[in-house]
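My numbering puts the sequence shown at residues 2 to 217. A virtual CB, placed ideally from N, CA and C, is assigned to each residue, including glycine. What follows is a set of notes on a single structure, which appears directly below.
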Amino acid sequence: LNTGEVTNKGIETALRLNPIRTRDWDLRFGINYTHNKNFLKSLHPQTKRIGVNGSGVIFAEEGYEVNQIVVPDYARDEQGRVIVDINTGYPSRATESTRIGNTTPKHRLGVDLSLRWKDFTVSSVFEYRGGYYFASIEQGSTMDFIGSSARSAYYNRERFVFPNSSYWDESKGVYVENTNITVSDGGSGFWTNSTYNRGTNSNYVYSGDYWKWREL
């Protein structure tokens, strides 16, 4: 079923060098780069956003790149710090979901290197992909719930100051950096909670950028 109009724009370039070439020695180097952007220009007149794959996390939304991750996130101040309750230290949830980014790599880079000495040759291929995100919500949430995630063990399951957080200072009328207000419960009371932690799906969205050594 076709419900919208998509534009696909990109560039692709490559460079190959052979700086050393003698009877016994041969060195070859190659690099290729691709940049791609899939943009959703319009959808059916009756909708501006539709879900993809029934995940409830990935959407095709008019005016953005295809396959956007949109998830519940924490409420933040103007500096991007998570707003916590001054009494409990627990983070607060934003009223609307946050768009994190797309799931398709914008940048693809390939590098290959080959060195020959007489009849012996060694070659390698490297790959980079970047500019995208992936979500592991079910697995990440489950690992937090059973206490097997690195996140839940980072503070030894003790009370901690929520990282990069702030609270509203009534006397000053501004948000102040939180340096000493710890969460009321650093154990299961926090990590299994569906409001402060597990239901805030932005906790389980990660950058997909990577380098890979593909061949040797």
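Query - Inter-residue spacing [alpha-carbon to alpha-carbon] between GLY67 and LYS49 - result: Within the sequence shown, numbered from 1, the residue matching residue 67 stands at position 66. Within the sequence shown, numbered from 1, the residue matching residue 49 stands at position 48. First, the amino acid is wrong: residue 67 is Val here, not Gly. Each residue's alpha carbon lies about 12 angstroms from the other.
**Report entry** Own chain, CB closer than 6 angstroms to ASN37, minus 5 neighbours either side, in chain order
**Finding:** Here residue 37 refers to the residue found at position 36 of the sequence shown. The residues are GLY11.
Report task. Per DSSP, which residues does GLY111 bridge with? Please list them. Result -> The count along the sequence shown starts at 1 and reaches residue 111 at position 110. Looking at the DSSP output, GLY111 shares a beta bridge with ASN33, GLU128.
Query raised in the report: What number of angstroms, rounded off, separates the C-alpha of THR35 from the C-alpha of HIS108?
Result: What you label residue 35 is simply residue 34 of the sequence shown in a count that begins at 1. What you label residue 108 is simply residue 107 of the sequence shown in a count that begins at 1. Their backbone Cα atoms lie some 6 angstroms apart in a straight line.
Query raised in the report: Based on the DSSP secondary-structure assignment, which residues constitute the bridge partners of ALA61?
Result: Looking up residue 61 in the sequence shown gives position 60. Paired residues: ILE51.
Query - Residue of VAL83, PHE60, GLY209, ARG17 minimising C-alpha distance to ASN33 - result: Indexing the sequence shown from 1 puts residue 33 at position 32. It is ARG17 whose Cα lies nearest to the Cα of ASN33.
Query raised in the report: Is SER142 closer than 8 angstroms to ARG94 when the C-beta atoms are compared?
Result: Reading the sequence shown from its first residue, position 93 is the one you call residue 94. Reading the sequence shown from its first residue, position 141 is the one you call residue 142. Going by beta carbons, ARG94 and SER142 fall outside the 8 angstroms limit.
Query raised in the report: Roughly how many whole angstroms lie between the Cα atoms of GLY174 and SER167?
Result: Numbered from 1 along the sequence shown, position 173 holds the residue referred to as residue 174. Numbered from 1 along the sequence shown, position 166 holds the residue referred to as residue 167. Per the coordinates, the alpha-carbon of GLY174 lies some 13 angstroms from the alpha-carbon of SER167.
Report task. Return helix, strand or coil for GLN69, following the three-state DSSP convention. Result -> Position 68 of the sequence shown, counted from the first residue, corresponds to residue 69. Here GLN69 carries a strand assignment [DSSP, helix/strand/coil].
Query - Sequence-distant residues of its chain with Cβ nearer than 7 angstroms to MET144 (five each side left out) - result: Residue mapping note: residue 144 aligns to position 143 of the sequence shown, counting from 1. Once the five neighbours on either side are set aside, the close Cβ partners of MET144 are SER150.
**Report entry** Buried/exposed call for ARG215, threshold 16 Cβ in 10 Å
**Finding:** Position 214 of the sequence shown, counting from 1, holds the residue named residue 215. Its Cβ having fewer than 16 others within 10 Å, ARG215 is exposed.
**Report entry** N-terminal and C-terminal residue of the beta strand (DSSP E) that THR4 is part of
**Finding:** Here residue 4 refers to the residue found at position 3 when the sequence shown is read from its first residue. Taken as a continuous stretch (DSSP letters only), THR4 belongs to no beta strand (DSSP E), as it is neither H nor E.
Report task. Kindly identify the DSSP beta-bridge partner or partners of LEU16. Result -> Taking the sequence shown and counting its residues from 1, one reaches residue 16 at position 15. According to DSSP, LEU16 shares a beta bridge with ILE32.
Requested in this report: Flag this pair as yes or no: are the beta carbons of ARG160 and GLY131 separated by less than 8 angstroms?
Outcome: Sequence index remark: in the sequence shown, residue 160 carries index 159 (1-based). Sequence index remark: in the sequence shown, residue 131 carries index 130 (1-based). It is not a contact, given that the beta carbons lie outside the stated cut-off.
Query raised in the report: Among SER115, GLU63, GLU128, PHE191, which residue has its Cα nearest to the Cα of GLY5?
Result: Translated into positions along the sequence shown, residue 5 becomes position 4. Residue GLU63 is the option with its Cα nearest to GLY5.
Query raised in the report: When you compare only the Cα positions, how much space is there between ASP27 and SER125?
Result: Taking the sequence shown and counting its residues from 1, one reaches residue 27 at position 26. Taking the sequence shown and counting its residues from 1, one reaches residue 125 at position 124. The alpha-carbon atoms of ASP27 and SER125 are separated by roughly 14 angstroms.
Query raised in the report: Do the segment 176–192 and the segment 70–90 meet, that is, are 3 or more Cβ pairs less than 8 angstroms apart?
Result: Contact holds: three or more Cβ-Cβ distances are below 8 angstroms.
Query - Own chain residues within Cβ distance below 7 angstroms of ARG158, not counting five before or after - result: Position 157 of the sequence shown holds residue 158. Within the same chain, ARG158 has close Cβ partners GLY187, GLY188.
Query raised in the report: How long is the line joining the alpha carbons of GLY90 and ARG77, rounded to whole angstroms?
Result: Within the sequence shown, residue 90 is the residue found at index 89, counting from 1. Within the sequence shown, residue 77 is the residue found at index 76, counting from 1. Between GLY90 and ARG77, the C-alpha separation is close to 14 angstroms.
Report task. Going by DSSP, name the residue or residues bridged to PHE135. Result -> Within the sequence shown, residue 135 is the residue found at index 134, counting from 1. Paired residue(s): TYR207.
Query raised in the report: What three-state label does DSSP hand TYR168 in the structure shown?
Result: For the purposes of this step, residue 168 is taken as residue 167 along the sequence shown, with counting starting at 1. DSSP places TYR168 in strand when its eight states are reduced to three.
Query raised in the report: At which residue ranges does the segment 138–194 contain complete alpha helix (DSSP H) runs of 4 or more residues, listed in the order of the chain?
Result: Within the segment 138–194, the complete alpha helix (DSSP H) runs of at least 4 residues are 138–147, 151–155, 189–192.
Report task. Out of ARG22, SER203, GLN80, point me to the one whose CA is closest to SER137's CA. Result -> Your numbering for residue 137 matches position 136 in the sequence shown. Closest by alpha carbon: SER203.
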